[in-house]
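Peer 1: In my numbering, the protein residues as written are 1215 to 1624. My questions will all concern the structure given below.
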């Protein structure tokens, strides 16, 4: 009859097999006979302590005696005290059988085959899997356990190939049948892989907060935590598929979901200038004539970047501006917009005049602000603005600028 090891006995055998699998004997590199042993305190820390629970120690010794009687181990004692627990080499295969444990070499082979199955399916996963295979061949552990990897890689591939807007909870249900499992278990892991092995450096430049970084990365693959909307106002005609044209004006701001914008065939803007606005409060406040306004409801992900490109293609000769916070991040957003759309965005209401005028409403720069400002200066960008902010230790949120600019115009 098969020996039924309890929790303590399984811990003992497992620890001894770990010793065996890390040995030269297991690797076939040893020419002399090795023994694989450990002291009792590896399993029961207080075994040889003067303050040990006598009953607990006695029960532990009984468990070891059972293993020795079955032939799995040998015990070296001094008097009645166990000094060393040794694995019986003749019973190694029996130990694997009792534990239901896979041989290390077989386990490594199976994991390598798993990672090889994702090679070539995407550049991100190819790089990730190549590194995991390298670790396994060196005898080191991959980044994730097999159980986690077998759920994580299909999820990453699904996200990388996704071409429709999905909410995080919808994604979680689709993949796991549980609306919260993605957020609790996989969001950070997925984003870590995508960020390390993908090309997101430009998008994440100037972003420090972990949750915001994850939103930006997932947003690039049309995964968002809440429905994404485009807020617009200004004189324009919008034509949606199978619907009559819609006229909007500066006094009739409206918002469209990303899903509805997929049916937008044409947007004809009856203004010469377009302004993207970083914050919703300022979007609602701004009413300068001659501008068409867009608030993109969060970071400019791929879908929204494509929309901006389409607007530019359908409205030749438009002048493009961005109004954001007067801090290094606000200027980095302009650079992101320019890089991702190819559109020549210019800052508006973000000059030295506004900084001097509203400096009393500013806040001190933090260390990250200073580093970003210095980075922009090293690139020769926005030199006067960055120098002023650094010298005056001042950054300004755009809401105060939009409030007074519109008040003064009114």
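Glycine residues also receive a C-beta, built at the ideal position from the N, C-alpha and C atoms.
1. Please list, in chain order, all residues of the same chain as residue 1649 whose beta carbon is under 7 angstroms from its beta carbon, the five residues on each side excluded.
2. Run through the DSSP bridge pairs and tell me what residue 1561 is partnered with.
3. Let me make sure I understand the geometry here. Which of 1305, 1319, 1301, 1264 has the alpha-carbon closest to that of residue 1295?
4. Distance check for residue 1562 and residue 1499, CA to CA, integer angstroms please.
5. Reducing DSSP to helix, strand and coil, say where residue 1470 ends up.
6. Could you spell out the range, first to last residue, of the beta strand (DSSP E) harbouring residue 1295?
7. Answer yes if the stretch 1475-1483 comes into contact with the stretch 1398-1408, meaning at least three C-beta pairs across the two stretches below 8 angstroms, and no otherwise.
8. Report all residues from its chain with a CB closer than 6 angstroms to the CB of residue 1614; omit the five preceding and five following residues, and keep chain order.
9. Does DSSP put residue 1437 in a helix, a strand or coil?
10. Using C-beta distances below 7 angstroms, list every residue in its chain close to residue 1607, excluding the 5 sequence neighbours before and after it, in chain order.
11. Using three-state DSSP, classify residue 1430 as helix, strand or coil.
12. Given residue 1266, which residues of its chain have a CB within under 7 angstroms of its CB, disregarding the five upstream and five downstream residues?
13. Can you pull the DSSP bridge partners for residue 1609?
14. Helix or strand or just coil, what does DSSP make of residue 1453?
15. Taking the C-alpha atoms as reference points, what is the distance between residue 1477 and residue 1451?
16. Could you check the C-alpha separation between residue 1584 and residue 1600 for me, to the nearest Å?
17. Would residue 1251 and residue 1306 qualify as a contact pair, given that the criterion is a beta-carbon distance under 8 angstroms?
18. With distances taken between CB atoms, is the gap from residue 1379 to residue 1436 smaller than 8 angstroms?
19. When DSSP labels each residue in this structure, what does residue 1259 get in the three-state scheme?
20. If you compare alpha carbons, which of 1536, 1590, 1591 is closest to residue 1564?
21. Assign residue 1486 to one of three DSSP states: helix, strand, or coil.
22. How close, in whole Å, do the beta carbons of residue 1490 and residue 1523 come, if the pair is a contact with beta carbons under 8 angstroms?
23. Under 8 angstroms: do the stretch 1403-1420 and the stretch 1365-1372 share three or more Cβ pairs, one atom per stretch?
Peer 2: In this structure, then:
1. Missing from the structure shown is residue 1649; the chain here goes from 1215 to 1624 and no further.
2. 1536
3. 1264
4. 15 angstroms
5. strand
6. 1295-1301
7. no
8. 1572, 1575
9. strand
10. 1578, 1579
11. helix
12. 1260
13. 1577
14. strand
15. 14 angstroms
16. 9 angstroms
17. no
18. yes
19. coil
20. 1536
21. coil
22. Not a contact, Cβ separation roughly 13 angstroms.
23. yes
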